[in-house]
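Peer 1: If you're matching them up, the sequences are chains A and B in order. Going by the working numbering, the residue at position 75 of the first sequence is 75; the numbering climbs one at a time, nothing skipped. Going by the working numbering, the residue at position 146 of the second sequence is 146; the numbering climbs one at a time, nothing skipped. Can you keep this structure in mind? I'll have questions shortly.
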Amino acid sequence: MSVVIEFKNVTKRYPLYHHIGSGIKELIFSPKRAWNLLKGRSYLAIENINFQIQKGESVALIGRNGAGKSTSLGLVAGVLKPTSGTVSVNGRVASMLELGGGFHPELTGRENIKLNAVLLGLRRKELKERIDKIIEFSELGEFIDEPIRVYSSGMLAKLGFSVISQVDPDILIIDEVLAVGDIAFQRKCIKTINEFRSKGVTILFVSHNISDVKKICDRVIWIENHRLREMGDSEKILESYSRTMS
Amino acid sequence: MKHSLGYLFDLIIVITQKELKVRYKSSFFGYLWSVANPLLFAMIYFFIFKLIMRVQIPNYTVFIITGLFPWQWFASATNNSLFSFLANAQIIKKTVFPRSVIPVSNVLMECLHFLCTIPVIIVFLLIYDMSPEWNWLWGIPLIGVGQIILMLGFALAFSTLNLFFRDLERFVALAIMIMFYCTPILYSADMIPEKYRALIDYNPLASMILSWRELFMNNSINYHLITEVYLYGILSVLIGSFIFNKLKFRFAEIL
């Protein structure tokens, strides 16, 4: 077994950039905030997190809203850089970080599929062979040629997941996107994710739905208050997690 | 992450297509606007400078459009580059790909628009009893690539900096306007008094416009000017990519 994702003492702070954007007025009228900016005040998203994920594992990240789950996923996806520590990721990452993330509202479903699939690493030639499968998977019917601003959130999730279903990543990241689809589609997604698992794809999954986590993941990483609280076998950790939440 | 050249090429094509589609989504006349706009300006300048102020430049209409069309490419590419990362915030925050593709495709898209205006230039040449020659076939790519390199540097720098310092868009809009009058577009280079020669001697945009005009109006390829465009181009790409590489990892946080 080889390690595909490794976090070593990873800390991520976000500088509070919006102060810069608000310009000179801010500097005059709220000198305290401007002072904080100069001192480099920042928001701590995750602190000193360590873990390893082996190839082929499927791991869930759980924790309250704002605990640092999405930041961790962003670090794995390579969208963010850690403030300190190292994140090493081996292999191609395909990520679905948000509902409709990476889509343009004015473009049609079909045009968004093309854009998104190439952004996720498909070549245009491969896309041509697979686009029919993607459209079929999405179950969107004639809506595929409508601009996606008219889509419901369920339809957006279908569109996003259908693209994911046809790319071939080594690591798949899925962030709270299954919740909005109808039950039949959720089942289909879980089936697809499990197909990826059997192909040896490493899966990183964020969900607040404990039964989904149970169906997909064999290990769980529990993040609380920006720190790693517990990590291990999903049954055990999910149990103590549900206890603290109730 | 390493990317193959073929994949980068695919990415540039897909993103350029996307930008074109987004831009003309709800516009009936589509890219005709990109011809209509500079053409209208050309008519206004012709009216003011030729008919009212009686500038003594022969074939003044052709003279203006051969400067104005490449200028339009420069001005809109630079202007749009300020917003290119902002407009693509969604895909930058949510997916990983070489971010430099966005300014590149932005410059290339404006280049396509410019190529669409070349037939208009030819029509005007024919009206004024001039005609294009075969050396356009290598002259246009030669100057065109030079201009792409030059503007890529601007685009990389401005698109990056505008994320961190939004006032930049005001400055750049003003700077483009000032440069328009400091560059021999409405007047010819030899009309500039000796003491203001520095305006074109150290102006990359002047070298660029003058090499286009030499090609379009005199069918001659001025290697001296073109070399200047390339040298300025390399300098601007070096500076632009330095700024871009320094800050690219923070895009997803700030958008």
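Virtual Cβ for every residue (Gly too), placed ideally from N, Cα, C.
Any beta carbon of chain B sitting closer than 7 angstroms to that of A:Ala94?
Peer 2: For the purposes of this step, residue 94 of chain A is taken as residue 94 along the first sequence, with counting starting at 1. Judged by the 7 angstroms Cβ criterion, A:Ala94 is not in contact with chain B.
Peer 1: Can at least three beta-carbon pairs, one atom from the region 45-55 of chain A and one from the region 63-79 of chain A, be found at a separation below 8 angstroms?
Peer 2: Output reads yes: the region 63-79 of chain A touches the region 45-55 of chain A.
Peer 1: Taking DSSP's pairing of strands, which residues face A:Lys8 in a bridge?
Peer 2: Translated into the one-based positions of the first sequence, residue 8 of chain A becomes position 8. A:Thr86, per the DSSP bridge assignment.
Peer 1: Can you find a CB in chain A that lies within less than 7 angstroms of the CB of B:Leu5?
Peer 2: Position 5 of the second sequence, counting from 1, holds the residue named residue 5 of chain B. No, no contact with chain A.
Peer 1: What whole-angstrom Cβ distance do B:Phe69 and B:Ile12 have, given they're in contact under 8 angstroms?
Peer 2: By one-based count along the second sequence, residue 69 of chain B stands at place 69. By one-based count along the second sequence, residue 12 of chain B stands at place 12. Wrong, their Cβ atoms sit about 23 angstroms apart, outside the cutoff.
Peer 1: Among the residues of its own chain, which have a CB less than 6 angstroms from the CB of B:Asn222, if the five just before and after it don't count?
Peer 2: Here residue 222 of chain B corresponds to residue number 222 of the second sequence, with the count starting at 1. Cβ within range, chain order: Ser211, Glu214.
Peer 1: Assuming B:Tyr202 is part of the beta strand (DSSP E), what are its boundary residues?
Peer 2: By one-based count along the second sequence, residue 202 of chain B stands at place 202. From DSSP, B:Tyr202 is part of no beta strand (DSSP E); its letter is neither H nor E.
Peer 1: Curious, which full-length beta strand (DSSP E) runs of at least 3 residues does the region 154-190 of chain A contain?
Peer 2: Here the runs fully enclosed are 171-175.
Peer 1: Count the CB pairs spanning the region 170-177 of chain B and the region 51-60 of chain B that are closer than 8 angstroms, and state whether there are at least three.
Peer 2: No, because fewer than three Cβ pairs between the region 170-177 of chain B and the region 51-60 of chain B fall closer than 8 angstroms, the two stretches do not touch.
Peer 1: Give the interface partners of B:Ile91 over in chain A, defined as CB-CB distance under 7 angstroms, in chain order.
Peer 2: Within the second sequence, the letter at position 91 stands for residue 91 of chain B. The contacting residues are Gly102, Leu119.
Peer 1: Please classify B:Lys271: is it buried, with 16 or more other beta-carbons within 10 angstroms of its beta-carbon, or exposed?
Peer 2: The structure shown does not extend to residue 271 of chain B, since chain B spans only 1 to 255, so no value can be given for it.
Peer 1: For a quick check, are the C-beta atoms of B:Phe46 and B:Thr66 less than 7 angstroms apart?
Peer 2: Counting from 1 along the second sequence, the entry for residue 46 of chain B is found at position 46. Counting from 1 along the second sequence, the entry for residue 66 of chain B is found at position 66. Against a cut-off of 7 angstroms, the Cβ pair of B:Thr66 and B:Phe46 comes out as no contact.
Peer 1: What does B:Lys246 reach in chain A if we use C-beta pairs closer than 8 angstroms?
Peer 2: Within the second sequence, residue 246 of chain B is the residue found at index 246, counting from 1. Chain A residues near B:Lys246: none, gap ~13 angstroms exceeds 8 angstroms.
Peer 1: If you count every other CB in all the chains shown that lies within 10 Å of the CB of A:Trp222, and 16 or more means buried, which is it?
Peer 2: Within the first sequence, residue 222 of chain A is the residue found at index 222, counting from 1. Buried: at least 16 other Cβ atoms inside 10 Å.
Peer 1: Is the beta carbon of B:Met151 sitting closer than 7 angstroms to the one on B:Val107?
Peer 2: Indexing the second sequence from 1 puts residue 151 of chain B at position 151. Indexing the second sequence from 1 puts residue 107 of chain B at position 107. Going by C-beta atoms, B:Met151 is nearer than 7 angstroms to B:Val107.
Peer 1: Whose C-alpha, out of B:Leu32, B:Phe41, B:Phe28, B:Ser105, is nearest the C-alpha of B:Ser159?
Peer 2: On the second sequence, position 159 is the one that residue 159 of chain B refers to. Closest by alpha carbon: B:Ser105.
Peer 1: Please list the terminal residues of the continuous beta strand (DSSP E) segment that includes A:Ile49.
Peer 2: Position 49 of the first sequence holds residue 49 of chain A. Residues 42-54.
Peer 1: Residue range of the alpha helix (DSSP H) that B:Met151 falls in?
Peer 2: Here the question's residue 151 of chain B lines up with position 151 in the second sequence. It spans 136-164 - the alpha helix (DSSP H) in which B:Met151 sits, taken as one unbroken run.
Peer 1: What residue range is occupied by the uninterrupted alpha helix (DSSP H) comprising A:Ala94?
Peer 2: In the first sequence, residue 94 of chain A corresponds to position 94, counting from 1. Run containing A:Ala94: none in the alpha helix (DSSP H); it sits in the beta strand (DSSP E), 93-96.
Peer 1: Whole angstroms is fine: what's the gap from A:Ile113's alpha carbon to B:Ala189's?
Peer 2: As a position in the first sequence, residue 113 of chain A is number 113, starting the count at 1. As a position in the second sequence, residue 189 of chain B is number 189, starting the count at 1. Cα to Cα, the separation comes out at about 50 angstroms.
Peer 1: Label A:Arg130 either buried or exposed according to how many other C-beta atoms from any shown protein chain fall within 10 Å of its C-beta, with 16 as the threshold for buried.
Peer 2: If you number the first sequence from 1, residue 130 of chain A lands on position 130. That one is buried.
Peer 1: Determine, using beta carbons only, whether A:Ser84 and A:Thr11 come nearer to each other than 7 angstroms.
Peer 2: Counting from 1 along the first sequence, the entry for residue 84 of chain A is found at position 84. Counting from 1 along the first sequence, the entry for residue 11 of chain A is found at position 11. Closer than 7 angstroms, so yes.
Peer 1: Between the region 30-47 of chain B and the region 85-103 of chain B, do three or more beta carbon pairs fall short of 8 angstroms?
Peer 2: The region 30-47 of chain B, when compared against the region 85-103 of chain B, does not touch it at the 8 angstroms Cβ threshold.
Peer 1: Compare the C-beta of A:Leu97 with all C-beta atoms of chain B and state if any pair is closer than 7 angstroms.
Peer 2: Translated into positions along the first sequence, residue 97 of chain A becomes position 97. By this cut-off, A:Leu97 is an interface position.
Peer 1: Less than 7 angstroms separating the beta-carbons of B:Gly146 and B:Tyr230?
Peer 2: As a working mapping, residue 146 of chain B is identified with position 146 in the second sequence. As a working mapping, residue 230 of chain B is identified with position 230 in the second sequence. A contact, by the Cβ cut-off of 7 angstroms.
Peer 1: Excluding five sequence neighbours on each side, which residues of the same chain lie with their C-beta closer than 7 angstroms to the C-beta of A:Arg149?
Peer 2: Numbered from 1 along the first sequence, position 149 holds the residue referred to as residue 149 of chain A. These residues qualify, in order along the chain: Pro105, Glu106.
Peer 1: Whose C-beta lies closer than 8 angstroms to the C-beta of B:Leu255 among residues of the same chain, with five residues either side of it excluded?
Peer 2: Within the second sequence, the letter at position 255 stands for residue 255 of chain B. Excluding positions up to five away in sequence, the list reads Phe85, Leu86, Ala89, Ile92, Lys93, Leu163.
Peer 1: Can you pull the chain A neighbours of B:Phe97, defined as C-beta to C-beta under 8 angstroms?
Peer 2: Sequence index remark: in the second sequence, residue 97 of chain B carries index 97 (1-based). Near B:Phe97 (Cβ distances below 8 angstroms), the residues of chain A are Leu119.
Peer 1: Can you confirm whether B:Leu86, when its beta carbon is compared against all beta carbons of chain A, has any partner nearer than 7 angstroms?
Peer 2: Mapped onto the second sequence, residue 86 of chain B falls at position 86. Taking Cβ atoms only, chain A never reaches closer than 7 angstroms to B:Leu86, which makes this a no.
Peer 1: For A:Gly232, would you say it is in contact with chain B, using Cβ-to-Cβ distances shorter than 7 angstroms as the test?
Peer 2: The residue labelled residue 232 of chain A in the question sits at position 232 within the first sequence. It does not: the Cβ of A:Gly232 has no partner Cβ on chain B nearer than 7 angstroms.
Peer 1: Excluding the 5 residues preceding and the 5 following A:Ser165 in the sequence, name in chain order all residues of the same chain whose CB lies nearer than 6 angstroms to its CB.
Peer 2: The sequence position of residue 165 of chain A within the first sequence is 165, counting from 1. The residues are Phe137, Thr192.
Peer 1: Under the three-state reduction of DSSP, which class applies to A:Phe205: helix, strand or coil?
Peer 2: On the first sequence, position 205 is the one that residue 205 of chain A refers to. A:Phe205: strand per DSSP, three-state reduction.
Peer 1: In chain order, what residues of the same chain have a beta carbon less than 6 angstroms from the beta carbon of B:Ala42, not counting five sequence neighbours either side?
Peer 2: As a first step, residue 42 of chain B must be located in the second sequence, where it is residue number 42. Excluding positions up to five away in sequence, the list reads Ile64, Ile65, Leu68.
Peer 1: Whose C-alpha, out of A:Ile237, A:Arg229, A:Ser242, A:Lys236, is nearest the C-alpha of A:Phe51?
Peer 2: Residue mapping note: residue 51 of chain A aligns to position 51 of the first sequence, counting from 1. With distances taken between Cα atoms, A:Phe51 lies closest to A:Arg229.
Peer 1: Apart from the five residues just before and just after B:Ile57, which ones in its own chain have a Cβ nearer than 7 angstroms to its Cβ?
Peer 2: Along the second sequence, read from residue 1 onward, the residue named residue 57 of chain B stands at position 57. Here the set comprises Phe63, Ser188.
Peer 1: How close, in whole Å, do the beta carbons of A:Ile171 and A:Ile62 come, if the pair is a contact with beta carbons under 8 angstroms?
Peer 2: Stepping through the first sequence from its first residue, residue 171 of chain A is reached at position 171. Stepping through the first sequence from its first residue, residue 62 of chain A is reached at position 62. Going by Cβ atoms, the distance from A:Ile171 to A:Ile62 rounds to 19 angstroms, so no, they are not a contact pair.
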